[in-house]
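**Student:**
Chains as they are written, first to last, in the working numbering: chain A, 207 to 574; chain B, 3 to 158.
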């Protein structure tokens, strides 16, 4: 029987009004402006763009304010907004070799063409809280150095000459690029669809899985071949123009992970690779993504599937934090009728159980 | 009459560069330059300005098979000048006024009489601004370049 229950409208209305009040907080404190968030909480904005799978810094900042800084809630808001917009098409693939790099490091080559540039990194900081930041003290302008711009070939291309490393991942000719936003997930996935899912996956989840591979659950002896962060140009083919139109630039983080591979009957030993590409400056996420990408290639590389990080269905089905939070959090919504049914069931089971015990005892007595 | 193939390509490259300069500018920059240039901005809007999504694509390993990375907001507009010249504009983000103005500037660029003014007063200053901003960023990044050196260990 379905019982419609009404009520709670006033409570919900007042709860939302209370939420708006608490979100604003003490009115004597100035309200945050979106440009403050974009400029000063940029990596939080990047995370919302990456996992919300929508590159738009101001929208991500708005979502962060609206969600009171709850990034998963902000990601949810961005995902919901995306669904309201028409789609104009697919861009041409970004060329990360032509990136306007703001950071570029390699853990495998000390001296490489284009050099190692630390950029705005937390690395080598002492992780000591800085009370000066709380005082709003003025900040120095960055140092500048006059060096002729140098080409920055991808590290993977440097190793490729000797055939010691596998080529960039190719898919069979005629393969139609998968799009997980258009077609339902069907396992096993091709690597392209997997990378799309990983690129919008939850950073914490991917980080934990990546860590598990380092701790021995699908070990792959990884090296960071290269990480680069910077702006790439987006181009779109449109019917009204005879050339691809430039849309502007977006900031991305790319990670090339290089991993050991013992070779197989068909292939001599060579380095294999995992790839990470995410929106914004999100180095941890790009590294975790590349480790997960490599682990998930177990089937393709003929490796034994023994660990969670290699289990494609497990990883991809649980990497999306909007889906995860939706299903976990729905448990708090009214389940009154469900629960009444369960309660009734448990009562009947207990009654049966007791009746059986009585019968058992009577039978036993009679036997004695 | 069809223009020669080579020339057509060259014209495309110049128009592409102009459109890229409009797309890369901020709304304020574009409005200011357009106002200062004193160009006739009268036009009829044919389409938009409307905001939608493009799916950003990458390549596996940087140069391999294509995969979809995520989406980005894009705004597009098409306008027609009183002369009948059509102009298009596309740019990342949701600034509709900027994109409508960019479409007008594209139409003015496509008209022989106004192209030199658009090139001189809009495209060139925007390109200079962009070059300067890129050079500054490059110099700031270059200052964080690591110069490795080896300590002499004094063993011989």
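Built from N, CA and C at the ideal position, the CB exists for glycine as well.
Cβ closer than 9 Å: which chain B residues qualify as neighbours of residue 462(A)?
**Tutor:** Residues of chain B passing the Cβ test: 63, 64.
**Student:** Can you tell which of 424(A), 273(A), 440(A) has the C-alpha that lies nearest to the C-alpha of residue 502(A)?
**Tutor:** Considering only alpha carbons, the answer is 424(A).
**Student:** Does DSSP put residue 322(A) in a helix, a strand or coil?
**Tutor:** Three-state result, residue 322(A): coil.
**Student:** With a cut-off of 8 Å on the beta carbons, I'd call residue 299(A) and residue 61(B) a contact; round off their distance for me.
**Tutor:** Contact flag correct, Cβ pair sits at about 5 Å.
**Student:** Give every residue of the same chain whose Cβ lies closer than 7 Å to the Cβ of residue 268(A), excluding the five residues on either side of it in the sequence, and list them in chain order.
**Tutor:** Counting only Cβ-Cβ distances below 7 Å, and skipping sequence neighbours, we find 240.
**Student:** Where does residue 353(A) fall in DSSP's three states?
**Tutor:** Correct three-state label for residue 353(A): coil.
**Student:** For residue 538(A), which residues in chain B fall below 7 Å Cβ to Cβ?
**Tutor:** Simply none; closest approach about 30 Å.
**Student:** Determine the contact status of residue 534(A) and residue 282(A), defining contact as a CB-CB distance below 8 Å.
**Tutor:** Result no, Cβ atoms of residue 534(A) and residue 282(A) do not sit closer than 8 Å.
**Student:** By the 10 Å Cβ neighbour count, where 16 or more other Cβ atoms means buried, how is residue 8(B) classified, buried or exposed?
**Tutor:** Confidence at residue 8(B) is low in this model, with a pLDDT of 47, below 50, so its placement is unreliable and no value can be given for it.
**Student:** Taking residue 47(B) as the reference, give the member of 137(B), 41(B), 82(B), 25(B) with the closest Cα.
**Tutor:** Of 137(B), 41(B), 82(B), 25(B), the residue nearest in Cα terms is 82(B).
**Student:** What does the Cβ neighbour count give for residue 5(B), buried or exposed, with the cut at 16 atoms within 10 Å?
**Tutor:** Note that residue 5(B) scores a pLDDT of 43, beneath 50, so its modelled location is shaky; the value from the coordinates is reported in the next line. Result: exposed.
**Student:** Would you give the residue range spanned by the alpha helix (DSSP H) that residue 243(A) belongs to?
**Tutor:** 240-246 is the extent of the alpha helix (DSSP H) around residue 243(A).
**Student:** Smallest Cα separation from residue 72(B): which of 99(B), 96(B), 55(B)?
**Tutor:** When each option's Cα is compared against that of residue 72(B), the closest is 55(B).
**Student:** What residues of chain B sit near residue 307(A), judged by a beta carbon separation below 7 Å?
**Tutor:** The contacting residues are 143.
**Student:** Considering only the alpha carbon of each residue, which of 571(A), 252(A), 226(A) lies closest to residue 405(A)?
**Tutor:** When only C-alpha atoms are compared, the closest one is 252(A).
**Student:** Would you mind reading off the limits of the alpha helix (DSSP H) that contains residue 306(A)?
**Tutor:** Note, residue 306(A): premise wrong, no alpha helix (DSSP H); beta strand (DSSP E) at 306-311.
**Student:** Have a look at residue 229(A) and residue 212(A) and give me their C-alpha separation to the nearest angstrom.
**Tutor:** Cα to Cα, the separation comes out at about 28 Å.
**Student:** Which residues in chain A sit within 9 Å of residue 125(B), going by Cβ to Cβ distance?
**Tutor:** In chain order: nothing, as chain A lies at least about 13 Å away.
**Student:** Distance cutoff 8 Å, beta carbons only. Does residue 332(A) sit that close to anything in chain B?
**Tutor:** Chain B, which has no Cβ nearer than 8 Å to the Cβ of residue 332(A), makes this no.
**Student:** Let me see if you follow: with CB-CB separation under 8 Å, is residue 394(A) close to chain D or not?
**Tutor:** Included in the structure are the protein chains A and B, with no chain D among them.
**Student:** As a quick exercise: from 94(B), 111(B), 110(B), 30(B), pick the residue whose alpha carbon is nearest that of residue 452(A).
**Tutor:** Out of 94(B), 111(B), 110(B), 30(B), 94(B) has the C-alpha closest to the C-alpha of residue 452(A).
**Student:** If you run the structure through DSSP and keep just helix, strand and coil, what is residue 5(B)?
**Tutor:** Bear in mind that the predicted position of residue 5(B) carries a pLDDT of just 43, short of 50, making it too unreliable to give a figure here.
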